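Here the structure comes first, spelled out in structure tokens, and everything after it is commentary.
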Ligand SMILES: Cc1ncc(COP(=O)(O)O)c(C=O)c1O
């Protein structure tokens with residue numbers, strides 16, 4: 338039995354009052370709070386072993402390199418990826434956005450003929466197709482839309498059901514023999530809906546397309562195994578999984594990482610560099626990690642991964658499901674509509690809602706005045722909001738430190754919104 342109250346006690350930031358009320362943090366889909374173990378890991382790194390990794394013969398460099406690679410292995414374990422030397426499947430990035438842009442840029446480079454014969458599987462040309470879903474965060478939508486513009490490939494998308502789930506009933510129509518890339522979110526950052534990705538991956542592979550998963554909103558909340566899911570690439574951010582900002586990870590099947598040309602160029606990614614002919618790049622993951630790496634953040638992200646595994650991903654999932662059930666009661670309030678599935682099935686504790694007649698910013702301020710932190714805006718998912726006939730919404734989202742009482746506090750506060758703004 339996991340003591341979630343004790344876990345909450347590991348987050349010093351939560352122990353404060355906001356506007357005279359105990360802080361209720363329900364904005365973990367934007368960024369999670371950090372436990373002491375993670376905060377200490379970053380500070381300890383600077384106090385004891387700070388040095389650049391993978392170069393330098395001195396002892397601190399050796400220790401920081403070891404800590405960096407151990408962190409990579411912990412993160413790999415969290416998502417079921419390979420970590421053995423020479424078989425690494427985890428690339429360090431600056432975050433999910435950086436990882437997705439890395440892929441789109443690398444595919445663009447392959448389309449220009451870079452990366453030789455092996456990279457041809459990533460090359461796009463007019464007549465080819467890139468497929469995303471309407472549920473995507475802008476950090477999937479825009480890099481792959483730009484890739485389509487750059488290469489002349491057609492840009493297509495899988496639409497949503499009425500309650501905001503990615504459709505799977507028309508995949509054969511949308512994903513065709515011309516489709517080369519399919520990029521889909523694992524969990525909608527607005528709807529909280531878990532995408533039924535198995536049939537999408539199956540269809541993508543049946544037509545020979547590469548499948549990319551946006552795992553930003555799944556890795557922090559669900560047990561995820563990229564090998565079992567058979568995804569080709571996946572990107573996510575450390576800061577949403579109780580780790581630091583400024584760092585994220587890109588998973589790639591080893592054989593695909595080996596075939597993928599680099600996207601960023603500079604130090605630490607090149608074996609041989611010349612003035613008068615082409616450089617010879619290193620094997621993955623170094624090939625994709627140009628420049629000085631965010632070492633302390635990676636080390637702390639490794640601690641976050643370990644910390645989550647110690648609690649148990651199944652336990653985290655089950656705990657947050659109880660909070661989701663409570664948050665979904667927002668939909669029982671007169672004049673409040675939930676943007677996403679109403680039932681607590683195949684979803685996480687991310688619940689976006691619209692309050693009829695009250696601007697989302699006014700709602701956010703009213704809720705904030707009671708010490709409750711929720712999100713306001715389009716959550717970088719404008720097409721999702723258009724699907725619901727809106728431009729913006731409010732979003733409550735859970736983390737492992739939330740209690741059912743936190744969700745109740747929000748639901749109680751929400752009951753007073755329309756009366757306060759005199760639209761009832
Ligand atoms: C589903 C999803 N994808 C991608 C991102 C982008 O993550 P980051 O801003 O950390 O790069 C987010 C963050 O909000 C997200 O929720």
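In my numbering, the protein residues as written are 338 to 761.
Cβ coordinates follow ideal geometry from the N, Cα and C atoms, glycine included.
Predicted model only: the values in this text are computed from it and were never measured.
heavy atom of ligand 1 below 7 Å from residue i C-beta
{"i": "residue 686", "result": "no"}
{"i": "residue 542", "result": "no"}
{"i": "residue 433", "result": "yes"}
{"i": "residue 554", "result": "yes"}
{"i": "residue 526", "result": "yes"}
{"i": "residue 500", "result": "no"}
{"i": "residue 576", "result": "yes"}
{"i": "residue 558", "result": "no"}
{"i": "residue 637", "result": "no"}
{"i": "residue 551", "result": "yes"}
{"i": "residue 441", "result": "no"}
{"i": "residue 583", "result": "no"}
{"i": "residue 532", "result": "no"}
{"i": "residue 470", "result": "no"}
{"i": "residue 366", "result": "yes"}
{"i": "residue 474", "result": "yes"}
{"i": "residue 522", "result": "yes"}
Pairwise C-alpha distance: residue j and residue i
{"i": "residue 709", "j": "residue 695", "result": "18 Å"}
{"i": "residue 359", "j": "residue 732", "result": "19 Å"}
{"i": "residue 457", "j": "residue 485", "result": "16 Å"}
{"i": "residue 442", "j": "residue 571", "result": "15 Å"}
{"i": "residue 551", "j": "residue 477", "result": "7 Å"}
{"i": "residue 681", "j": "residue 447", "result": "42 Å"}
{"i": "residue 451", "j": "residue 651", "result": "42 Å"}
{"i": "residue 614", "j": "residue 533", "result": "47 Å"}
{"i": "residue 723", "j": "residue 389", "result": "46 Å"}
{"i": "residue 339", "j": "residue 648", "result": "7 Å"}
{"i": "residue 278", "j": "residue 418", "result": "The question about residue 278 has no answer, for the chain in this structure spans 338 to 761."}
{"i": "residue 661", "j": "residue 400", "result": "42 Å"}
{"i": "residue 643", "j": "residue 685", "result": "21 Å"}
{"i": "residue 718", "j": "residue 502", "result": "14 Å"}
{"i": "residue 342", "j": "residue 558", "result": "17 Å"}
{"i": "residue 596", "j": "residue 631", "result": "25 Å"}
{"i": "residue 757", "j": "residue 362", "result": "22 Å"}
{"i": "residue 498", "j": "residue 549", "result": "21 Å"}
Residue i: first and last residue of the uninterrupted beta strand (DSSP E) it sits in
{"i": "residue 466", "result": "466-470"}
{"i": "residue 365", "result": "Counting along the chain, residue 365 falls outside any beta strand (DSSP E), and DSSP gives it neither H nor E."}
{"i": "residue 412", "result": "From DSSP, residue 412 is part of no beta strand (DSSP E) but of the alpha helix (DSSP H) over 396-415."}
{"i": "residue 733", "result": "730-734"}
{"i": "residue 491", "result": "491-495"}
Start and end residues, alpha helix (DSSP H) containing residue i
{"i": "residue 510", "result": "508-511"}
{"i": "residue 383", "result": "373-385"}
{"i": "residue 647", "result": "632-648"}
{"i": "residue 667", "result": "Neither: residue 667 is in no alpha helix (DSSP H) and is coded neither H nor E."}
{"i": "residue 448", "result": "433-448"}
{"i": "residue 488", "result": "475-488"}
{"i": "residue 703", "result": "697-705"}
{"i": "residue 742", "result": "741-751"}
{"i": "residue 757", "result": "754-757"}
{"i": "residue 591", "result": "591-596"}
Counting pairs of beta carbons, one from the segment 534-548 and one from the segment 507-526, are three or more of them closer than 8 Å? yes
Could you check whether the segment 614-627 touches the segment 362-371, counting it as contact only if at least three pairs of C-beta atoms, one from each stretch, sit closer than 8 Å? no
Mind the definition here: the segment 455-470 touches the segment 603-621 only if three or more C-beta pairs lie below 8 Å; say whether that holds. no
Check whether the segment 676-690 touches the segment 522-531, counting contact only when three or more Cβ pairs, one atom from each stretch, lie closer than 8 Å. yes
The segment 739-749 contacting the segment 375-382, beta-carbon criterion three pairs below 8 Å: no
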